[in-house]
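Participant: This is the structure I have questions about; it appears just below.
Numbering (the numbering used here), first residue to last: 205 to 634.
This is the structure in structure tokens:
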């Protein structure tokens, strides 16, 4: 249906070039708090975005209707916008046809999960939480997404995926624990195991103590590290680097990070399969961003690639970091005195050029002494460069997929890391 509609739209268009985007998602949400389900909600959205080019002038318009008359009206709006738009000095034409290898990410059983199924599995968690005098809150989501692109040059890109995500916070009187899960296949989710992880952190964190700010060895778990690395990834833009606006200016080929650090993009990865093209329909292959601590590549769009003689990479919105074979529990044994962080939140740039960020710990911060978790700590604020975090890696632990809010049905694959000299700048009363 989408292909037929796109063909009709492109034939109807008066533009020199036309691109049609179809985006749809059908998600089912179960929210819970206070040891009970608070909301079941289903949201199904289909959007058609039409982009028309007259020379270097572009216009776009969108509709959520699949009625052809509505789509024709949307096309006319896009044409009118393009006719009155100024020329784009950085214009690049739509893609020529290119093969995109598929990535299988759809599991029917994930889509078939019902609110009743969720309620039955959550009930066991609610009973356990009530028995232990704690409260749980979180979100349990399942659904599917489709993304398709067709243009007047004959290029086509299509991807369909299912998704299941689960996040839970276990809240005690003075401590909390958190964990989250993401995958395409519901059969990989062990709900009770996820709850037990968060519950254990809440138990270990009881009667938290204040810790003085300072420089510590720190174990950063995957969820926390994924959020930090996003700020580094946002600086890995070839144009920003060439124009001197990024930490990565003149860094290609230089060893900046610990040699155990490998950061890459690969939608065909077994540990983290992903959509194999970007928002333009440009095919994404493996991109080695950092290899054995050496900066190898930066993200480069088609315009900047043409201007500078590079090969374009596309603009993927996910990344992976090679992991190790060490459990977090074994990383703890390596630390004489340090801090374990489950999660960071409210992270913001302090200085983009040095990739220095600030934020807070949350839902499970612990003091480590003599290779054991000694006690829970009250939350702390940090000011640290993500560059320094990767420079100061001592050991890398096992990884996990961490869902990304900005990427729709996407995840990063990120390990836990033990790092040296992490700067906590202030303490809190909670």
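Built from N, CA and C at the ideal position, the CB exists for glycine as well. Since the structure is predicted, the reported quantities are computational estimates derived from the model, not experimental observations.
Rounded to the nearest angstrom, what separates residue 424 and residue 627 at their Cα positions?
Facilitator: Rounded to the nearest angstrom, the gap between the Cα atoms of residue 424 and residue 627 is 13 angstroms.
Participant: Taking residue 426 and residue 581 to be in contact with their CB atoms under 8 angstroms, please state how far apart those CB atoms are, rounded to whole angstroms.
Facilitator: The Cβ separation is near 20 angstroms, so there is no contact.
Participant: With 16 as the cutoff for other CB atoms within 10 Å, does residue 345 come out buried or exposed?
Facilitator: Residue 345 counts as buried, since no fewer than 16 other beta carbons sit within 10 angstroms of its beta carbon.
Participant: Rank 239, 527, 633 and 359 by C-alpha distance to the C-alpha of residue 468 and give the top, closest one.
Facilitator: 527
Participant: My understanding is that residue 365 touches residue 327, with C-beta atoms under 8 angstroms, so please give their C-beta distance in whole angstroms.
Facilitator: With 8 angstroms as the limit, residue 365 and residue 327 do not qualify as a contact, their Cβ atoms being about 29 angstroms apart.
Participant: Excluding the 5 residues preceding and the 5 following residue 630 in the sequence, name in chain order all residues of the same chain whose CB lies nearer than 8 angstroms to its CB.
Facilitator: The answer, listed in chain order, is 417, 584 and 585.
Participant: Can you grab the Cα-Cα spacing for the pair residue 323 / residue 226, in whole Å?
Facilitator: 33 angstroms
Participant: In chain order, what residues of the same chain lie with their CB nearer than 8 angstroms to the CB of residue 539, ignoring the 5 residues before and after it?
Facilitator: Excluding its 5 nearest sequence neighbours in each direction, residue 539 has C-beta neighbours in its own chain below 8 angstroms: 421, 423, 572, 575 and 622, listed in chain order.
Participant: Are the Cβ atoms of residue 545 and residue 569 separated by less than 7 angstroms?
Facilitator: yes
Participant: When you compare the CB positions of residue 577 and residue 408, do they come within less than 7 angstroms of one another, or not?
Facilitator: yes
Participant: Beta-carbon within less than 7 angstroms of residue 559's beta-carbon, same chain only, minus the 5 sequence neighbours each way: which residues are those?
Facilitator: 435, 436, 439, 451, 589, 590 and 591
Participant: Which residue from 215, 237 and 241 puts its Cα closest to that of residue 276?
Facilitator: 215
Participant: Grab me the residues of residue 281's own chain with a C-beta within less than 7 angstroms of its C-beta, minus the 5 sequence neighbours each way, in chain order.
Facilitator: 265
Participant: Looking only at C-alpha atoms, which of 617, 596 and 381 sits nearest to residue 625?
Facilitator: In this structure, 596 is the residue among 617, 596 and 381 with its C-alpha nearest to the C-alpha of residue 625.
Participant: Would you check if there are 3 or more beta carbon pairs closer than 8 angstroms linking the segment 473-484 to the segment 336-343?
Facilitator: With the cut-off at 8 angstroms, the segment 473-484 and the segment 336-343 do not touch.
Participant: From what residue to what residue does the alpha helix (DSSP H) around residue 207 run?
Facilitator: For residue 207, the enclosing alpha helix (DSSP H) starts and ends at 206-216.
Participant: At which residues does the alpha helix (DSSP H) containing residue 336 begin and terminate?
Facilitator: Where residue 336 is concerned, there is no enclosing alpha helix (DSSP H), given that its DSSP letter is neither H nor E.
Participant: Return the chain-ordered list of same chain residues with a C-beta closer than 6 angstroms to the C-beta of residue 360, the five sequence neighbours on each side being excluded.
Facilitator: 354
Participant: Give me, in chain order, the residues of the same chain whose beta-carbon lies closer than 7 angstroms to that of residue 483; leave out the 5 immediate sequence neighbours on both sides.
Facilitator: 519
Participant: Could you give the C-beta distance for residue 554 and residue 587, rounded to a whole number, given that I count them as a contact under 8 angstroms?
Facilitator: 6 angstroms
Participant: On a Cα-Cα basis, can you pick out the residue from 499, 255 and 330 that is closest to residue 242?
Facilitator: 330
Participant: Decide if residue 246 is buried, meaning its Cβ has at least 16 other Cβ atoms within 10 Å, or exposed.
Facilitator: exposed
Participant: Could I get the ranges of all uninterrupted beta strand (DSSP E) runs contained in the segment 378-444, with 3 residues as the minimum, in chain order?
Facilitator: 380-387 and 418-424
Participant: Note down, in chain order, each residue of its chain lying with its Cβ closer than 6 angstroms to the Cβ of residue 541, except the 5 sequence neighbours on either side.
Facilitator: The beta carbon of residue 541 lies closer than 6 angstroms to those of 573 in the same chain, with the five residues before and after it left out.
Participant: Give a yes or no on whether the C-beta atoms belonging to residue 357 and residue 300 are separated by under 7 angstroms.
Facilitator: yes
Participant: What separation, rounded to the nearest whole angstrom, lies between the Cα atoms of residue 291 and residue 218?
Facilitator: 17 angstroms
Participant: Run through DSSP, which three-state label would residue 514 get?
Facilitator: coil
Participant: With a Cβ-Cβ cutoff of 7 angstroms, do residue 456 and residue 415 count as a contact?
Facilitator: no
Participant: Can you tell which of 210, 604 and 296 has the C-alpha that lies nearest to the C-alpha of residue 529?
Facilitator: Nearest Cα to residue 529 within the set 210, 604 and 296: 604.
Participant: By the three-class DSSP mapping on this structure, what secondary structure does residue 598 have?
Facilitator: strand
Participant: Could you tell me the alpha carbon to alpha carbon distance between residue 461 and residue 221, rounded to whole angstroms?
Facilitator: 44 angstroms
Participant: What residues match up with residue 544 in a beta bridge as DSSP calls it?
Facilitator: 423 and 570
Participant: Does the distance from the CB of residue 531 to the CB of residue 381 come in under 7 angstroms?
Facilitator: Against a cut-off of 7 angstroms, the Cβ pair of residue 381 and residue 531 comes out as no contact.
Participant: In whole angstroms, give me the CA-to-CA distance for residue 312 and residue 278.
Facilitator: 33 angstroms
Participant: Using a threshold of 7 angstroms, state whether the C-beta atoms of residue 601 and residue 493 are closer than that.
Facilitator: no
Participant: Can you find a CB in chain D that lies within less than 7 angstroms of the CB of residue 331?
Facilitator: Protein chain content of the structure displayed is limited to a single chain, and chain D is not contained in it.
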